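Worksheet for the structure shown next.
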Amino acid sequence: MTEQVKNIHLEKATRKKLETFNKIRGSEVQPGEFWDLVVITALDEAQRDAYELQIRQKCSRREIPLGMKYHVVADPPGHKIGNGGSTLHALQLLRDQYGETLSKFKIILIHAGGLSQRLPNASALGKIFTALPMGEPLYQMLELKMSMYVDLPHHMKPGVMVTCADDIELYSCSQSVVLDRPGFTALAHPSPLSIGTTHGVFVLEPDRDSGPCDMEYRACFQYLHKPSVQRMHKSGAVCRNVDRDIVYTDSAYYVDYGTVVILLNLFKDIRPLTCEIDAYGDFLQALGPGATVEYTSNTANVTKKETNLVEIRQKIFQCLRGTPLNVILLNESKFYHLGTTDEYLFHFTVDPCLRGELGLLPVAFSVCQLETSEKAAQCCVLHSILHCSASVSGGSVVEYSKLEPEVTVGPQAIVSSCWVEAGLSVPRETFIHSLSVRLGGRTGFVTVAFGIRDDLKKSVSSPADMKGLELFGVALEDCVTCWGLCAEDVRFSGDGTVCNLWNCCLFPVCEDLKGSCAKTLEMTWATLGKGKITLPKHSRLLSLQEILQNKDLEQMLEFRKALHEEILQVR
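Each step along the sequence shown adds one to the number in my numbering, with nothing skipped, and position 497 is 1565.
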């Protein structure tokens, strides 16, 4: 996690960026005033539809800049192509639509396709629409991404800025960041070596003239993808900063239009893609004079190893070899990741750094009596309505929810999109999230619950090995028993090749939102050894995978809209 020291320079610089963005938020921007295109990648057509609907609603509520184009691009059906493949596919579609006019555009491309299995409250509506406890109207990651890079379009040549939906980069510079060089230009952040092992690391060309400053333009000799500490030292990536060793790690990067054309020519040669290409590991490792072809055969970090992956990587290497990799060292900067439940809880409730630097609030756009409580500094409530007798323990987050009288939320819990009826309790370290589904032409409601640290991706070979999975630290087979079911009553959705918590059908479909939350809480407490429940044999149980396949997006957004109106009315 991040060091426990708030950076006052980042706080001031961030406040200035937010003020600049708020001036154009909801206004018609003029050509050249902001990005020409905001492009968001989606996993599939269903996710694209969900993203487009939310963007339309944001425009109608004037929550984002108007007068510019927002594009959502779905990955082609079939093989998982990774964020590198998504980049190439999106650029090709833009070239098809705009032709040579694309050469004049300044584009931000945000990778937001994915299931968000490590932060499931972002699964249904998308991690780019993750709410943040700041701003009014409430910020989501889309607004934050645009605001943090609000100055870049004024100082860049036509091209594409590539970034991800679940990270936050804060930086302070005494001068403007200029993106005008050919090839790739990456933003780099000073980080401890431990962070370098899970990110990309830049090996810089020597620069004898550089002195201490908040920003430096440097050439990169080689890019290392998730290297070991030993490799960082051996390659010369480690720098001495005052009294500690650091490396410079990656975040967003810019590609000038000339290099975009090179990428599009490459795409013609390698499509249709049948393997997973990484926008960082596969593109950036091919750059710089120190790049070698050896990385193309290293498949350690690949989700699924396709037979032609090495061949495709080698083509990428040959195509991009010799392309410059420029690095902008942001010496006064920090990189935050919000992709897991642990990170989400830490940064919203515990970490004084991000809360201070970004101006996160303990209570944002909510009806809630926690403002004057000591607990307010330790929990986070956003876009929710809490009865004055409800209580939320330290370290917990409540979003898009309604808590009735005497409801209690235990420590380190996430309550998302729930209507919790009077007197009920959410156990500590519980993730609970309500969703709407459309089944047989009717709307139903399902509430899922997991332990904060449950591994939803951990798989067993078959349903018979269910005891190898754990829910709330309890063997899944025992959980099923305490709900009055037997192992044979539980099925796994999908094609049967994967058996994990993500596709295990555990959660009953109910007729109303409040009843759904109550039923799942009853099951959760029974799992923890407190109380008993017997699910009817005819209960229709769904997995999170099936819920998302049948989600009723309009109904979920309607609940948020109703909360929004009630909050405004009460306030």
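We put the beta carbon where it would ideally sit given N, CA and C, even for glycine.
Please read these numbers as outputs of a predicted model, since none were measured by experiment.
Hey, residue i and residue j: beta-carbon distance below 8 angstroms or not?
i, j, result
"Ala1287", "Asn1394", "yes"
"Ser1452", "Cys1436", "yes"
"Phe1252", "Tyr1316", "no"
"Gly1519", "Leu1539", "yes"
"Ser1457", "Ser1469", "no"
"Ile1601", "Glu1614", "no"
"Val1475", "Ser1464", "no"
"Ser1493", "Leu1581", "no"
"Trp1593", "Pro1495", "yes"
"Met1534", "Val1566", "no"
"Ala1347", "Phe1385", "no"
"Ser1584", "Thr1515", "yes"
"Leu1471", "His1455", "yes"
"Phe1173", "Pro1221", "no"
"Val1106", "Ile1196", "no"
"Glu1237", "Ala1305", "no"
"Met1300", "Leu1261", "yes"
"Val1638", "Leu1610", "no"
"Val1431", "Val1328", "no"
"Leu1332", "Gln1160", "yes"
"Leu1134", "Ser1095", "yes"
"Thr1588", "Cys1550", "no"
"Pro1188", "Leu1544", "no"
Can you name the start and end residues of the alpha helix (DSSP H) that residue i belongs to?
i, result
"Ile1196", "Note, Ile1196: premise wrong, no alpha helix (DSSP H); not H, not E."
"Cys1421", "Pro1420 to Leu1426"
"His1632", "Leu1621 to Val1638"
"Arg1116", "Glu1113 to Ser1128"
"Lys1402", "No alpha helix (DSSP H) contains Lys1402, which is instead part of the beta strand (DSSP E) from Ser1401 to His1405."
Take residue i as the anchor and find which of the options has the nearest alpha-carbon.
i, options, result
"Asn1309", "Asp1318, Asn1333 and Cys1281", "Cys1281"
"Phe1433", "Leu1200, Asn1075, Ala1110 and Tyr1166", "Leu1200"
"Gly1203", "Arg1093, Met1136 and His1179", "Arg1093"
"Gly1640", "Gln1290, Glu1622 and Gly1512", "What is shown of the chain runs 1069 to 1639, which leaves residue 1640 out entirely."
"Cys1554", "Leu1574, Asp1563 and Asn1568", "Leu1574"
"Ser1303", "Gly1358, Asn1090, Gln1617 and Val1577", "Gly1358"
"Tyr1284", "Ala1254, Asp1324 and Asp1419", "The sequence as given places Glu at residue 1284; Tyr does not occur at that position. When only C-alpha atoms are compared, the closest one is Ala1254."
"Ile1330", "Thr1515, Leu1156, Phe1513 and Leu1603", "Leu1156"
"Asn1075", "Val1361, Gly1427, Gln1098 and Gly1326", "Gly1427"
"His1077", "Val1528, Ser1242 and Ala1305", "Ser1242"
"Lys1126", "Asn1376, Thr1515, Gln1208 and Ala1190", "Gln1208"
"Ala1368", "Lys1336, Gly1153, Thr1266 and Tyr1322", "Thr1266"
"Val1542", "Gln1098, Pro1531 and Gly1597", "Gly1597"
"Ala1517", "Ile1500, Pro1531 and Ser1530", "Ile1500"
"Arg1521", "Cys1550, Leu1413, Glu1379 and Val1466", "Leu1413"
"Phe1627", "Asp1523, Glu1467, Ser1561 and Leu1610", "Glu1467"
"Val1418", "Ile1396, Gly1407, Ser1401 and Gln1446", "Gln1446"
"Val1230", "Gly1194, Ala1158 and Gln1165", "Ala1158"
"Met1136", "Met1300, Gln1098 and Ile1345", "Gln1098"
"Phe1487", "Ile1263, Pro1604, Ala1586 and Gln1165", "A small correction: the amino acid at residue 1487 is Trp; Phe does not occupy that position in the sequence shown. Of Ile1263, Pro1604, Ala1586 and Gln1165, the residue nearest in Cα terms is Ala1586."
"Asp1324", "Met1224, Ser1365, Lys1383 and Gly1356", "Met1224"
"Gln1298", "Tyr1322, Leu1272, Glu1273 and Gly1264", "Gly1264"
"Phe1560", "Ser1530, Thr1588, Val1073 and Cys1550", "Ser1530"
Identify the continuous beta strand (DSSP E) that holds residue i and give its terminal residues.
i, result
"Pro1604", "Run containing Pro1604: none; DSSP gives neither H nor E here."
"Met1283", "Met1283 to His1293"
"Ala1142", "Lys1137 to Ala1142"
"Glu1467", "Val1465 to Glu1467"
"Leu1640", "Examination of residue 1640 is not possible in this model, given that the chain is present from 1069 through 1639 alone."
"Ile1175", "Lys1174 to His1179"
"Val1297", "Counting along the chain, Val1297 falls outside any beta strand (DSSP E), though it belongs to the alpha helix (DSSP H) covering Val1297 to Ser1303."
"Met1229", "Gly1227 to Cys1232"
Which whole-angstrom value describes the C-beta separation of residue i and residue j, a residue pair presumed to lie in contact below a C-beta threshold of 8 angstroms?
i, j, result
"His1257", "Phe1351", "Contact doesn't hold; Cβ gap of about 19 angstroms is too wide."
"Ala1118", "Ala1142", "Contact doesn't hold; Cβ gap of about 11 angstroms is too wide."
"Asp1234", "His1405", "6 angstroms"
"Lys1525", "Asn1571", "Not confirmed; about 10 angstroms, so no contact."
"Ile1482", "Thr1409", "6 angstroms"
"Met1624", "Ala1180", "Their Cβ separation, rounded to whole angstroms, is 18 angstroms, which puts Met1624 and Ala1180 out of contact at 8 angstroms."
"Leu1537", "Val1548", "Rounded, the Cβ-Cβ distance is 10 angstroms, inconsistent with contact."
"Gly1326", "Pro1250", "6 angstroms"
"His1293", "Tyr1363", "7 angstroms"
"Gly1512", "Leu1341", "The pair is not a contact, with the Cβ atoms about 37 angstroms apart (cut-off 8 angstroms)."
"Arg1312", "Pro1205", "No, Arg1312 and Pro1205 are not in contact; Cβ-Cβ is about 41 angstroms, not under 8 angstroms."
Any contact between the stretch 1258–1277 and the stretch 1237–1249? By contact I mean 3 or more CB pairs, one from each, below 8 angstroms. The stretch 1258–1277 makes no contact with the stretch 1237–1249: fewer than 3 CB pairs, one atom from each, lie closer than 8 angstroms.
The stretch 1147–1165 / the stretch 1183–1194 touching (three or more Cβ pairs under 8 angstroms): No, they do not touch.
Do three or more CB pairs link the stretch 1107–1121 to the stretch 1079–1089 at distances below 8 angstroms? Between the stretch 1107–1121 and the stretch 1079–1089, the count of Cβ pairs shorter than 8 angstroms is below three; the stretches do not touch.
Segment contact flag, the stretch 1210–1225 with the stretch 1089–1103, C-beta cutoff 8 angstroms, min 3 pairs: These segments touch.
Below 8 angstroms, how does it come out for the stretch 1498–1508 and the stretch 1617–1629: are there three or more Cβ pairs, yes or no? Contact between the stretch 1498–1508 and the stretch 1617–1629 is present, because at least three Cβ pairs lie under 8 angstroms.
Is it a yes or a no for the stretch 1312–1332 touching the stretch 1410–1423, going by three-plus beta-carbon pairs under 8 angstroms? Counting Cβ pairs under 8 angstroms, fewer than three are found: no touch.
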